[in-house]
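Asker:
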Amino acid sequence: MDSDRRFILVVSHTGRADSVAAAVQVIAQLQAAGARPVLVRQECEEIQADPSTVDPLGDVSILGEDVTADDLELVIVLGGDGTILRAAELVRGYSAPLLGINLGHVGFLAESERDDLDEAVRRVIDGDYLVEERLTLSVRVKVRDEVVWESWALNEATVEKGSRERMLEVVIEVDGRPLSTFGCDGVVVSTPTGSTAYGFSAGGPVIWPTVEAMMLVPLSAHALFARPIVVGPDSSLAVEVLRRTDGTGVLWCDGRRTHELEPGARVVVRRSSIPVRLARLHQSPFTDRLVKKFHLPVTGWRGPDAND
Numbered sequence: 003m004d005s006d007r008r009f010i011l012v013v014s015h016t017g018r019a020d021s022v023a024a025a026v027q028v029i030a031q032l033q034a035a036g037a038r039p040v041l042v043r044q045e046c047e048e049i050q051a052d053p054s055t056v057d058p059l060g061d062v063s064i065l066g067e068d069v070t071a072d073d074l075e076l077v078i079v080l081g082g083d084g085t086i087l088r089a090a091e092l093v094r095g096y097s098a099p100l101l102g103i104n105l106g107h108v109g110f111l112a113e114s115e116r117d118d119l120d121e122a123v124r125r126v127i128d129g130d131y132l133v134e135e136r137l138t139l140s141v142r143v144k145v146r147d148e149v150v151w152e153s154w155a156l157n158e159a160t161v162e163k164g165s166r167e168r169m170l171e172v173v174i175e176v177d178g179r180p181l182s183t184f185g186c187d188g189v190v191v192s193t194p195t196g197s198t199a200y201g202f203s204a205g206g207p208v209i210w211p212t213v214e215a216m217m218l219v220p221l222s223a224h225a226l227f228a229r230p231i232v233v234g235p236d237s238s239l240a241v242e243v244l245r246r247t248d249g250t251g252v253l254w255c256d257g258r259r260t261h262e263l264e265p266g267a268r269v270v271v272r273r274s275s276i277p278v279r280l281a282r283l284h285q286s287p288f289t290d291r292l293v294k295k296f297h298l299p300v301t302g303w304r305g306p307d308a309n310d
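Numbering (this note's numbering), first residue to last: 3 to 310.
1. Could you spell out where the alpha helix (DSSP H) holding Ala19 opens and where it closes?
2. Give me the residue from Asp177, Val232, Ser274 with the minimum Cα distance to Ser197.
3. Identify, in the order they occur along the chain, each residue of the same chain with its Cβ nearer than 8 angstroms to the Cβ of Ser182, setting aside the five sequence neighbours on each side.
4. Buried or exposed for Gln285, going by 16 or more other Cβ atoms inside 10 Å?
5. With a cut-off of 8 angstroms on the beta carbons, I'd call Ser21 and Leu100 a contact; round off their distance for me.
6. Go to Leu292, then tell me how far its alpha helix (DSSP H) extends in each direction, as first and last residue.
7. From Arg116 to Ile103, what distance separates their C-alpha atoms?
8. How far does the alpha helix (DSSP H) with Val126 in it extend, from its first residue to its last?
9. Please return the same chain residues whose Cβ sits closer than 7 angstroms to the Cβ of Phe9, not counting the five positions on each side in sequence.
10. Leaving out five residues on either side along the sequence, give the residues of the same chain with a beta carbon under 7 angstroms from the beta carbon of Ile86.
11. Are the beta-carbon atoms belonging to Ser106 and Gly82 less than 7 angstroms from one another?
12. Looking only at its own chain, which residues have a Cβ that is under 6 angstroms from the Cβ of Gly249, when we skip the five neighbours before and after it?
13. DSSP three-state label for Phe227, please.
14. Opposite Gly81 in the DSSP bridges: which residues?
15. I'd like to confirm the pairing. Which residues does DSSP put opposite Phe184 in its beta bridges?
16. Rank Arg245, Val219, Cys255, Gly234 by C-alpha distance to the C-alpha of Gly201 and give the top, closest one.
17. Apart from the five residues on each side of it in sequence, which residues of its chain come closer than 7 angstroms, Cβ to Cβ, to Ala215?
18. Just list the residues that DSSP pairs Ser153 with in beta bridges.
19. Under 7 angstroms between C-beta atoms, does Asp147 make it to chain E?
20. What does Ile86 pair with, by DSSP beta-bridge criteria?
21. Spatial neighbours of Ala19 within its chain, please: CB distance less than 7 angstroms, with the 5 preceding and 5 following residues excluded, ordered by chain position.
22. Grab the span of the beta strand (DSSP E) containing Ile10 for me, first residue to last.
23. Sort Leu280, Val28, Ala159, Val189 by Cα distance to Trp254 and report the nearest one.
24. Kindly indicate which residue of Lys144, Thr16, Pro265, Val150 has the alpha-carbon position closest to the one of Glu48.
25. Considering just the uninterrupted stretch of the beta strand (DSSP E) at Arg259, what are its terminal residues?
26. Using 8 angstroms for Cβ pairs, my map puts Arg268 next to Lys144. What's the rounded Cβ distance?
27. Does the beta-carbon of Gly66 have 16 or more other beta-carbons within 10 angstroms, so that it is buried, or is it exposed?
Have a look at this one:
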């Protein structure tokens, strides 16, 4: 490996033609600037096999074969928030930050849009960006006091019912003390970053990313009091699936990593010691980002039929 080269990982949604085209464009720009593009083996093969890829990719390195995550300077992510969450799995715990270029719909984690792609790559080459760290969650599943599964989340950890016709019976705990018990469809435990995702859709508040906190939002709780709560970063939150629950539950971390929950299982969530690093090109306030992302024009609406 050439230690003088700059290694930049390119992660794309290879199931979308526009993302593949953007990846080819970014790879060419990085090569022209003297940087070495890095790809995941499967994505490299899928991009080369795509009918829209006319020219060969040229001199690229493969992550895990030619270079390690520790060698990376930065990760350029081409897609929506789901693609950014996938890229975070590759480099969390390493120094390389993620720079998202939104090719999806809302793309709340992304820093730039498709039209700004050339400018974004130029600024990466120039090192003209800031890096901020986002709080993540440490997630453990315990059964009879034994840890049976561990994971993490950048957006949220969600406990959901395993079957549509049944309800979860849960106890919510804060710092090891019971707070409330109810039947529900599920419970979302979210970071400030994830507060604009599932937690927001479920009726939770928007938490500014600079706030160090965790949020818990019940989903369709059958209770007189089941409001969202926000706790400090040093607290612990737990959701216990009561043994009287008919059936099983399912734990999802960022909608990507999952584990089945038997009655009696406890999901314990704390702040993780390992953040996710995001590259920022713009220093605009989070308020501006919030307004821009949520105030979208209505598209695809046909209007009422004559018989309505």
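For each residue, glycine too, the CB sits at the ideal point set by N, CA and C. It should be emphasised that the depicted structure is a prediction, and the values quoted were computed from it without experimental measurement.
Answerer: A quick look at the data gives this:
1. Element bounds for Ala19: 19 to 34.
2. Closest option to Ser197, Cα to Cα, is Val232.
3. Excluding sequence neighbours, Ser182 sits near Val173, Ile174, Ala225, Phe227, Ala228.
4. Residue environment: Gln285 is assigned as exposed (fewer than 16 neighbouring CB atoms within 10 Å of its CB, all protein chains considered).
5. About 16 angstroms separates the Cβ atoms of Ser21 and Leu100, ruling out a contact at the 8 angstroms cut-off.
6. For Leu292, the uninterrupted alpha helix (DSSP H) run begins and ends at 288 to 296, by DSSP.
7. Taking the straight line from one Cα to the other gives about 6 angstroms.
8. Val126: member of the alpha helix (DSSP H) spanning 119 to 128, first to last residue.
9. So the list reads Arg38, Val40, Ser63, Val69, Asp73, Leu74, Glu75, once near-sequence residues are dropped.
10. The beta carbon of Ile86 is closer than 7 angstroms to those of Val79, Leu100, Gly102, Leu111, Ala112 in its chain, skipping five residues each way along the sequence.
11. Going by the sequence as given, residue 106 is Gly instead of Ser. In this structure, Gly82 lies closer than 7 angstroms to Gly106 by Cβ.
12. Taking Gly249 as the centre and dropping the five residues before and after it, the same chain places the C-beta of Gly164, Ser165, Arg168 closer than 6 angstroms to its C-beta, in chain order.
13. The DSSP-derived three-state label of Phe227 is coil.
14. According to DSSP, Gly81 bridges with Asn104.
15. DSSP, once it has assigned bridges, lists Val172 as partnering Phe184.
16. Out of Arg245, Val219, Cys255, Gly234, Val219 has the C-alpha closest to the C-alpha of Gly201.
17. Within the same chain, Ala215 has close Cβ partners Pro194, Ile209, Val232, Val233, Gly234, Pro235.
18. According to DSSP, which records beta bridges pairwise, Ser153 is partnered with Val141.
19. This model lacks chain E altogether, as it is built from one protein chain only.
20. Note: Ile86 sits in no beta bridge, so no partner.
21. Ser54, listed in sequence order.
22. First-last of the beta strand (DSSP E) with Ile10: 9 to 14.
23. The residue with the shortest Cα to Cα distance from Trp254 is Ala159.
24. Residue Thr16 holds the alpha-carbon nearest to the alpha-carbon of Glu48 among Lys144, Thr16, Pro265, Val150.
25. Looking at the DSSP string, the run of the beta strand (DSSP E) that includes Arg259 is 259 to 263.
26. Between Arg268 and Lys144 the beta-carbon gap is near 5 angstroms, inside 8 angstroms, which marks them as a contact.
27. With fewer than 16 Cβ atoms within 10 Å of its Cβ, Gly66 is classed as exposed.
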